[in-house]
Structure formats: C-alpha cells, structure tokens
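These protein sequence lines are chains V and A, in that order. Quick note: the first sequence, position 150, residue 150 per our numbering, numbers continuous. For our numbering, add 1000 to where a residue sits in the second sequence, where the first one is 1. Below: one structure, written as structure tokens.
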Amino acid sequence: MNQDSGEYPIVVEGLKNAFGTYVVHENLSLKVRKGEIIGVVGGSGTGKSVLMRAIIGLQIPSEGRIEVLGRPITEVAPDEEIGVRSRWGVLFQGGALFSTLTVGENVEVPLMQFYPELSPALRKEIAQLKVQLSGLPEDAVDKYPAELSGGMRKRAGLARALALDPELLFLDEPTAGLDPIGAAGFDALTRELKETLGLTVFLITHDLDTLYEICDRVAVIADRQVIAVGTIEELLATDHPWIQEYFNGPRGRAAKATHERAAGMDKPGQGGA
Amino acid sequence: MEARAILAATGIFAHDPPSMREWADFTLEQDDGGAVTLSLSGPLRVASIGDLDVRIDEAVGEVSAIDISKVQEIDTTGAWLVANLSDELDAGITGASDQAARLIRAVGKVRSSEEEFAQPPGLIERTAAELGEIIVKFGKGTVEAIGFIGALLIALGGTIRHPSRLRTKALVHQMQLVGINSLLIIGLMSFLVGIVIAQQGALQLKEFGAEALTVNLTGRLAFRELGILMTAIMVAGRSGSSFAAQIGTMKLTEEVDAMRTIGVSPMEALVIPRVLATMFMMVVLGFYASLVAIVGGAFISTIQLGIPFMNFLERIQEVVPTYDMWVGLTKAPVFGLIIAIAGCFHGMQVKSNSEEVGLRTTQAVVTAIFAVIVLDAFFAVFFTEVGWG
C-alpha cells in the first residue's frame, strides 16, 4: 500500500512503454487526485490510449510502477484478481460491447461477475436504470449492439462502465462521434456523476469543449512524457509550443469563447455540489 | 465539494472481501398509532444489498414510512431500491442525507415508466414459431445463394471481357494459401489413405486368392474417388472455413463496405481470386493426392504382399485406364468451385456480430462437404453411364 493511495487513486511513476524499438512513453509520471476529472490530451499517436491501457492493466509496461487505488497493477498478471476491477469502470473508444448480448445483458455482466447474490429481477432493474442514466431510451435495453448507432453504442458502453457505481471511471474519447447536443449531454452526465458519486474520472479527449466544461485538470502528453498537468489557465501560462497551439488555435479559441459566454450567462455552481 | 467530503468521511469506498462484507439490513418498527416504519440500515450499495429486495418483499406488508437515517452509504443501486420501495409501498422517505436525497432524485427522474416483462410464449407456440423461422430462413438463404451465384457469374463475365481486371496478385496469394501451404498435410493424409486401401483391400481379396488385384483397387480408387474426395474435404476444412471467417470479419469491420465506396467490387477483389485459386488448386492437389495415395499403396504392398515397389507402379500403368484420371480431374474443379462459393457466400452473409462469424464458418464447411459428397455420388453414376466405368 502506498501512503498516497487515499489521496491519489492513480499513481504512475517512471512509466516506459515500447513496442519493439518504438518507444511510446519514457519516464512518464502522473498522479490523479481523488474526486477530480482529469483530461488527458496529446497529439494523435502520443500514446493516450496506451497510457490508459497500462493503468487498467491491459498493457504491461517495459518499466515503471503504476498503482491504482493503492494496489500495484504492474506487478500482477492481466487477469489476476486484485480487488480493483469491481471498483473501476472502463469505456473503450468503440464501446466494446459484447456483440452477442443485448445492451441490458451487457450491463448485467459485471453485476453477475462481482455480485451473483443479487436477485435476477433487481439485476435487471439496475441494468435498466443504468441504461437510462446514460441517456439511452428505455427500449434500448433489449437491443443488440449491431442495432445501435455509434453514439448510442458509446452510451451503452458507459452504462456498462457505470454498472457497479465505480470509484474510478476511465473514458476513452467519450464524446468523439457524438452530435454536439449529445456531447454536451455526455459532459453534463459525467459532471453530475462525479458530483453525486464522488467519482474520479480519467478522461482521454480531443474535445476542447469537454476540457473547458468539465475537466478540473488537464494532463498534456508530448515527447513521450506528461509535460504538464494543471488547470487550463495554468497550462496556458507555460510557453510550450504544442500547448499554446492546442489551446490558442482557432478551435481552442472558439471553445474558450463558448465557455466564457456560458459562464457569463448562468454562472455554473462550481462549489455547489 | 460537500458530497465528496461526506463520502470520504463515511469511508464509502472501503472495499472488503466478501466474507468480511457488511450487508444491508432492515427492521420494522411499529409506533403507538400502529403505523409501521421500515427502517433500513447498513451500507446500501450494490456490493452489500444482496437479496435485500427479496427479503423485504417477503416480510413487509403495510408501511407508512421508510427511514434511511441509519444507512451509512448509498449508491445509485441503493437509491433505486429505496425509491422503488417508496413507490411500491406508497410510503414517504425520511432521514435521507443530502447525498442520498440527491441520488434518489436522480434515479427518480429516469424510473418513471415501468413496463411488465412480456410473458414468454408456451412450448407449442414456440416450437411452431421456431419451425416457421427455420423454413423462412432456409427460403431466404436459398434466394440469397442464387443471387450470390448470379453476381459471381456476372463478375466472372466481366473478368473474362476485361482480363486486366483480374487481381493476379490476390489470385497467386490465394493459390499459395490454398495449394502450396497444404501440400504437406494433404500428402501425409493421402499416403495413409493409400496404405489403408491397399492393406484392407489385400486382406479381403486374399479370400478369393486375388491379391494381385490390390493394385487395381488402389490405383483406380485413388484416381477416381478417394484422392479427389479426401482432398476436397481437407480443402473445405482448411480454406473454405478461412474464406468464411476472413470475409465475415471484414464485413463486421466494414472493410467490405469501404471497398464498395472506393469503387472496388468485393466480388472481383475477394471472391473471384478465391474461387479461381481453389478451382485450379483442387485439380493440382487432387492429382497430387492420387499419386501419393498410390505410392502409399505401393509402400505397404512391398512390405506386406511382397510385390516390389517398382512392379506395383508398372502394374498401375497397365490396369488403370487413363479415363480414371480424367474422371478425377473433371470432378476436382467442380468441388473446388463449390467449396469456394460456400466459404465466400457464408462470409458475405455475416451482418451483425462475432458469433455469426463462427456460425457462418461452420455452415460454410458443412455445406461444402455435404454438397461435395452428394455431387460425388451423382458423378459416380454419371461416369458409369457414359461408359467410363
């Protein structure tokens, strides 16, 4: 047990990931605070998803230490029972739903895996609840993933990730491919979950609106490392060229303007939870 | 963040192994007026609820209020349970902490309309329905298969008119996969089949003192029937299945759709190279298998019957008519065509999920082998009728 585990659910130290001779991460370190939404950004191919896969134990790093909820994930086999898998939820980029199960059954899988003592009726109801919580219509429960659109699949994936009310939520580009209204809804939902359940959210995104709207801190991956972590204001104060271009490019400025307009109109209750 | 502070203070995230888990529980309290209060206690989380809902259902009748002040922790599942109970029993909720109230409100928003689960139909109805579905599916499958063969013919016609459209690279690649890579296994199989025919045949023919006819038996069977048939079965298992699985996966990942949008016809790019490669390679492999089977027969004859190896081969030339070889080589491309069409057709039929890839692969192999054996019977009769007996 690391002494930081109470305060930092995710601790990454000196991480190195390499595929053959191609080094994705070198000496990468990152600490995620409890109860925050941390956004991870970086250019395509900088290894954002690889970092997430390493943290959830799907990618064995070449070097380094990763602790999740106080348990070292780097020292165990990928399928070893270490008591953290019931405490996190993961939403993969494409949803990664089990294609032979309905949406409802997909949500029931983790419930059955970890809490077989629940009655089937209650399990069904929980699945129904989670599906609706993630913003899907009621009749989506009985549909198969192939019958859903990309955005709906993503929501169904979120429903499965939320099945156990996890403490840690990993989202890999949750709003990519969603319509703007859907994306805003997804952002609001993530924020709401964080505030009601005290979730810690590890969020990979390219969506600048999402970064401005819901992220407490942003981690920037470049040059095989996390080059900066902080609020957007703090990041803007650094003079790293990539960060400047990212947030001050045309899209960055537009997202910032939207955010400021919205903040000016209704003053979102930052500390009102 | 007040909610977070509460959560941290109550240790909501403490996670214990099942044996040490603290379970949620309930008590019923009756006050002087006779009103019953359902009092829930313990952590009301998905990990600790267990069969609480069932137990409450069994024990509780009239309840006027639900007290959750003794609930230390609550998550959406717990909130759902409380909201549901309050609805069902028509009882108010008291003693909710800020966080609990907020969660109950949040789940209350989405749990408005509840439908009854439809009763599954009875056995007889279900049997009839399933039978009907199978028949309809079979009909549809037949129509689709005919459509597929039609599309294949059109594409073949196009390829003949414009030979430059033939994908030679894909064709050669498929020829290697179907033919060259299976030489070893087919050779081994045929060698053993040859041994079995010669050895078992000799055993029976000995009864009539006609051991010398073992050569006829081995040679004619190898060329006419077994060389081709066994090769067809092996190719169906090796290549037919891989066609179905590969094309099926490409359908799932929308690769086939992507091809169409670029203007590449999947028929031309995927199906025709496989069909032509299999047809051609079946001829070559079939011939090769027949030869190896005869070598196998000669080998066992040398050991068991005392017929020298070279004598056996010379006798083959004398007793096996040339048309036996033509019979085999006529069947080979037809079998190859059937195997390739079955594989590609079933692959193309994959639509929605990974299970379908498996099912279609199985079907491709089963259809191919079945059709090959049925056709083989027809061929046997046909060739005898035309005098190639």
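Backbone N, C-alpha and C fix where the C-beta goes; we use that ideal spot for every residue, glycine too.
I need the DSSP call for residue i, collapsed to helix, strand or coil.
i: residue 1010(A); result: At residue 1010(A) the pLDDT is 41, less than 50, meaning the model places this residue with poor confidence; the figure from the coordinates comes in the next sentence. Here residue 1010(A) sits in helix by DSSP.
i: residue 222(V); result: strand
i: residue 1023(A); result: coil
i: residue 7(V); result: coil
i: residue 1239(A); result: helix
i: residue 217(V); result: strand
i: residue 1(V); result: With a pLDDT of only 45 at residue 1(V), under 50, the local geometry of the prediction cannot be trusted, and the value read off the model is given with reservation. Correct three-state label for residue 1(V): coil.
i: residue 1080(A); result: helix
i: residue 1037(A); result: strand
i: residue 74(V); result: coil
i: residue 1386(A); result: coil
i: residue 203(V); result: strand
i: residue 1219(A); result: helix
i: residue 1207(A); result: helix
i: residue 1028(A); result: strand
i: residue 274(V); result: There is no way to answer for residue 274(V), as the model of chain V reaches only from 1 to 273.
i: residue 1166(A); result: coil
i: residue 1043(A); result: strand
i: residue 264(V); result: helix
i: residue 1015(A); result: Low confidence applies here, because residue 1015(A) scores a pLDDT of 43, under 50, leaving its location unreliable; read the following figure in that light. Three-state result, residue 1015(A): coil.
i: residue 1062(A); result: coil
i: residue 45(V); result: coil
Residue i touches chain A at which residues, Cβ-Cβ below 8 angstroms?
i: residue 165(V); result: 1045, 1046, 1075, 1076, 1077
i: residue 125(V); result: 1080, 1084
Along the beta strand (DSSP E) that carries residue i, what are the first and last residues, could you check?
i: residue 65(V); result: 63-68
i: residue 1070(A); result: 1065-1074
i: residue 39(V); result: 37-42
i: residue 1180(A); result: Per DSSP, residue 1180(A) belongs to no beta strand (DSSP E) and is neither H nor E.
Starting from residue i, follow the alpha helix (DSSP H) in both directions and report where the run begins and ends.
i: residue 242(V); result: 241-248
i: residue 1148(A); result: 1123-1161
i: residue 26(V); result: Counting along the chain, residue 26(V) falls outside any alpha helix (DSSP H), though it belongs to the beta strand (DSSP E) covering 22-32.
i: residue 1049(A); result: 1046-1049
i: residue 60(V); result: Element bounds for residue 60(V): n/a, residue is neither H nor E.
i: residue 985(A); result: In this structure chain A extends from 1001 to 1389, so residue 985(A) is not present and cannot be described.
i: residue 1057(A); result: 1052-1059
i: residue 55(V); result: 48-55
i: residue 1258(A); result: 1255-1262
i: residue 1226(A); result: Per DSSP, residue 1226(A) belongs to no alpha helix (DSSP H) and is neither H nor E.
i: residue 235(V); result: 232-237
Taking Cβ-Cβ distances shorter than 8 angstroms, what residues in chain V pair up with residue i?
i: residue 1233(A); result: Neighbours of residue 1233(A) on chain V: none; closest Cβ ~30 angstroms, over 8 angstroms.
i: residue 1053(A); result: 119, 121, 122
i: residue 970(A); result: No information on residue 970(A) is available, as it lies outside the stretch 1001 to 1389 that chain A covers here.
List, in chain order, every chain V residue whose beta-carbon is nearer than 9 angstroms to that of residue i.
i: residue 1050(A); result: 115, 117, 118, 119
Below 7 angstroms on C-beta distance, what does residue i contact in chain A?
i: residue 148(V); result: Within 7 angstroms Cβ-Cβ: nothing; residue 148(V) doesn't reach chain A, min ~11 angstroms.
i: residue 283(V); result: Past the boundaries of the shown model lies residue 283(V); chain V is included only from 1 to 273, so the question cannot be answered.
i: residue 30(V); result: In chain order: nothing, as chain A lies at least about 21 angstroms away.
i: residue 235(V); result: Ordered by position in chain A, no residue passes the 7 angstroms Cβ test against residue 235(V), which lies about 22 angstroms from the chain.
Less than 7 angstroms between the CB of residue i and some heavy atom of the ligand GTP, yes or no?
i: residue 1365(A); result: Summarising the ligand content, the structure contains no ligands, and the ligand GTP is consequently not present.
Can you name the residues of chain D whose CB is closer than 7 angstroms to the CB of residue i?
i: residue 169(V); result: No chain D appears in the structure shown, which is made up of the protein chains V and A.
Please list the partners that residue i has in chain A, where partner means a Cβ-to-Cβ separation under 9 angstroms.
i: residue 275(V); result: Because chain V is modelled from 1 through 273, residue 275(V) falls outside the range shown and cannot be assessed.
Handout entry: Members of the segment 1090-1106 of chain A near chain V, C-beta cut-off 8 angstroms
Key = 1099, 1102, 1103, 1106
Practice task
Could you run through the segment 177-203 of chain V and flag, in chain order, every residue whose CB is less than 8 angstroms away from some CB of chain A?
Solution key: 192, 195, 196, 197, 198
Exercise for the section: Compile a chain-ordered list of the residues in the segment 1324-1351 of chain A whose CB is closer than 8 angstroms to at least one CB of chain V. Expected result: 1351
Handout entry: Minimum length 4: unbroken alpha helix (DSSP H) runs contained in the segment 1297-1355 of chain A
Key = 1309-1319, 1322-1348
Exercise for the section: Output, in sequence order along the chain, the residues in the segment 44-78 of chain V whose CB is closer than 9 angstroms to any CB in chain A. Expected result: 69
Exercise for the section: Return the residues of the segment 132-158 of chain V that lie within a Cβ-Cβ distance of less than 8 angstroms from chain A, sorted by chain order. Expected result: 132, 133, 138, 144, 145, 146, 147
Handout entry: Ordered list of alpha helix (DSSP H) runs contained in the segment 139-208 of chain V, each at least 4 residues
Key = 150-161, 180-197
Exercise for the section: Report the residues of the segment 208-221 of chain V with a CB closer than 7 angstroms to any CB of chain A, ordered along the chain. Expected result: none
Problem - Residue ranges of each beta strand (DSSP E) within the segment 116-142 of chain V, 3 or longer - result: none
Handout entry: Entirely enclosed beta strand (DSSP E) segments - the segment 85-110 of chain V, minimum 3 residues
Key = 88-91
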